[in-house]
Amino acid sequence: PLSRWEFLLGKFLGAWVMLGVFVLTLAGLLGLVLWSREQELLLIAEQNGRIPATFSFAGLLWFTLLQWLRLGVVIAIVLALSAMARTFLFTVVMGALAVVAGQLQWIAQDAILRPGGSFWYDALLWVMTRLLPNLQQFNLGDALVLGASTVSVPAVLEVALSGLAYVTAYLALGVEILQVYGLTETTAICTLDRPGQAQAGKVGWAIPGIEMRLGEEDELQIRGPHIFSGYWRREAATAETRTADGWFRT
Numbered sequence: 001p002l003s004r005w006e007f008l009l010g011k012f013l014g015a016w017v018m019l020g021v022f023v024l025t026l027a028g029l030l031g032l033v034l035w036s037r038e039q040e041l042l043l044i045a046e047q048n049g050r051i052p053a054t055f056s057f058a059g060l061l062w063f064t065l066l067q068w069l070r071l072g073v074v075i076a077i078v079l080a081l082s083a084m085a086r087t088f089l090f091t092v093v094m095g096a097l098a099v100v101a102g103q104l105q106w107i108a109q110d111a112i113l114r115p116g117g118s119f120w121y122d123a124l125l126w127v128m129t130r131l132l133p134n135l136q137q138f139n140l141g142d143a144l145v146l147g148a149s150t151v152s153v154p155a156v157l158e159v160a161l162s163g164l165a166y167v168t169a170y171l172a173l174g175v176e177i178l179q180v181y182g183l184t185e186t187t188a189i190c191t192l193d194r195p196g197q198a199q200a201g202k203v204g205w206a207i208p209g210i211e212m213r214l215g216e217e218d219e220l221q222i223r224g225p226h227i228f229s230g231y232w233r234r235e236a237a238t239a240e241t242r243t244a245d246g247w248f249r250t
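Pasting the structure below:
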């Protein structure tokens with residue numbers, strides 16, 4: 001059986017590693033383009049009277065790590081929301097809104113620095129600036145790519161530690177997500193993990209009122225009051241879903 005932390009970390013790391021490959025690929029392409037056009041960009045900067053920026057491989061590495069960390073924070077937020085969700089749609093909508101709010105977090109942080117508000121207004125802003133991360137802070141990596149020396153190391157470490165703190169906090173808020181198995185024809189789920197007894201590669205036990213057996217070639221067959229009555233005006237197709245003794249063929 002998997003513990004709650006093993007389950008949450010497994011879900012988190014699985015998604016984070018996949019997005020890490022995506023970020024690494026894009027960062028590699030970005031680095032290739034900037035490196036190949038570095039002299040051209042320097043010439044354009046001089047012609048426009050701007051301070052020329054120098055491409056930095058070290059800065060590109062920090063940029064990659066910070067963008068990966070930003071996505072890790074987003075994954076942790078979505079996992080925490082999915083733990084409270086009743087539907088997939090709720091997770092998608094609330095997750096998207098949380099990301100948008102995180103991108104606009106700088107507005108609340110800017111407002112809290114301005115004096116003159118009431119106590120409750122300032123308290124609300126304080127909570128808002130702590131509850132959701134400022135996802136814009138990870139844009140610090142943009143400056144690192146073209147001139148890593150212009151950004152102090154403490155500033156980079158502050159952003160990285162902030163991201164790791166939010167990842168830890170949101171994973172701690174998450175609860176164990178139970179896996180289920182079912183089909184449209186079974187009008188809902190047939191199996192459900194038991195809390196504290198989830199196992200990797202399995203989808204739990206049959207729920208009360210459901211019978212299951214293995215048929216030919218280990219086909220899973222199901223019987224119970226939740227099985228659909230048939231396809232609309234497709235008697236032949238409906239007959240193919242039943243065994244001779246009335247079990248539903250998955």
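With my numbering applied, the sequence shown corresponds to residues 1 to 250, in that order. For each residue, glycine too, the CB sits at the ideal point set by N, CA and C. Values in this document were obtained by computation on a predicted structure and should not be read as measured data.
| query | result |
| --- | --- |
| Touch test, the stretch 163-170 against the stretch 63-77, Cβ-Cβ under 8 Å, three pairs minimum | yes |
| F63 beta carbon less than 7 Å from that of G141 | yes |
| Burial state of Y121, where buried means 16 or more other Cβ atoms lie within 10 Å | exposed |
| Nearest-angstrom Cα separation, counted from G209 out to D193 | 16 Å |
| Span of the beta strand (DSSP E), counted from its first residue to its last, around I222 | L220 to R223 |
| Nearest-angstrom Cα separation, counted from V203 out to L220 | 13 Å |
| Of the residues F12, E240, R223 and A239, the one placed nearest W247, counting alpha carbons only | R223 |
| Residue of A85, G59, A172 and V21 minimising C-alpha distance to V153 | G59 |
| A27 burial status per 10 Å Cβ neighbour count (16 or more: buried) | buried |
| Residues of its chain near V159, where Cβ-Cβ distance is below 6 Å and the 5 sequence neighbours each way are ignored | Q137 and L140 |
| Presumed contact (8 Å Cβ cut-off) between P97 and A108, rounded CB distance | Correcting the residue type first, residue 97 is Leu in the shown sequence and not Pro. Wrong, their Cβ atoms sit about 15 Å apart, outside the cutoff. |
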